[in-house]
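In this note's numbering, the protein residues as written are 1 to 261.
Shown next as structure tokens:
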């Protein structure tokens, strides 16, 4: 069984499945995907991801505010986040983090939001899902500052081995998406070959970043199979064992997730 550890089910392009989310999830299930983590990115979509997790027994969700969704003068309130995290299908916090690639001018605003999410993690014990782009030093600095007792994950990882190792040394997991299959991703493949087997997750980040051979098309949860098969081959591991290991890792990192088996 595979887990798509990071997908945006409320944002999927469902044209390939006649507009049906049920059909899209069934297509993934038929390819061995047994669980989905639907990710919150804003105050506005928190209700949507919770509703999806309530609707499907093999879907859990997170709530949080993506760094690119943080609005000046409207940073998420801690009491709002704690209230949302109290829902039984909300198993994680985020995605949160820093993205200076698109909005370097918003660094202070993003850092304040990131600290708030990390504070919520301290209070609830739920793992944090981290987005980081163009902000290696500050991301690692804030994680060290928080010193969370429980782990989290750097999702859709695209940074170098030095950053991966620093995060791993603090207890974090690394999640890889379809980007690892791209032709220009040699440095990321080097990282993928080095991450310890018990600290690795797989994801689609759908509807974004479809893996080869679907690059340029809308991504779907069923394509996590391509990511997993590619990584198993890259690491010289049997696919079945790789799938089993990454599912075990997901269950360990997200102990409140309703994963069957």
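Beta carbons are placed, not taken as given, at the ideal position from N, Cα and C, and that holds for glycine.
- Taking a contact to require three or more Cβ pairs closer than 8 angstroms, the segment 30–39 and the segment 53–72 qualify as touching.
- Per DSSP, residue 183 is not a residue of any alpha helix (DSSP H), being assigned neither H nor E.
- A direct Cα-to-Cα measurement between residue 112 and residue 147 gives close to 16 angstroms.
- A contact is defined here as three or more CB-CB pairs under 8 angstroms, and the segment 207–223 fails this definition with respect to the segment 160–175.
- One alpha carbon belongs to residue 198, the other to residue 151, and they sit about 13 angstroms apart.
- The segment 223–230 makes no contact with the segment 10–20, as fewer than three CB pairs between them are under 8 angstroms.
- With contacts defined as CB atoms closer than 8 angstroms, residue 130 and residue 94 qualify as a contacting pair.
- With contacts defined as CB atoms closer than 8 angstroms, residue 114 and residue 97 qualify as a contacting pair.
- Ranking 239, 64, 22 and 5 by CA distance to the CA of residue 121 puts 64 first.
- One alpha carbon belongs to residue 251, the other to residue 5, and they sit about 10 angstroms apart.
- Looking at 142, 44 and 164, the one whose alpha-carbon comes closest to that of residue 76 is 44.
- The residue from 230, 248, 237 and 261 with its alpha-carbon nearest to that of residue 182 is 230.
- When DSSP states are grouped into helix, strand and coil, residue 36 belongs to the strand group.
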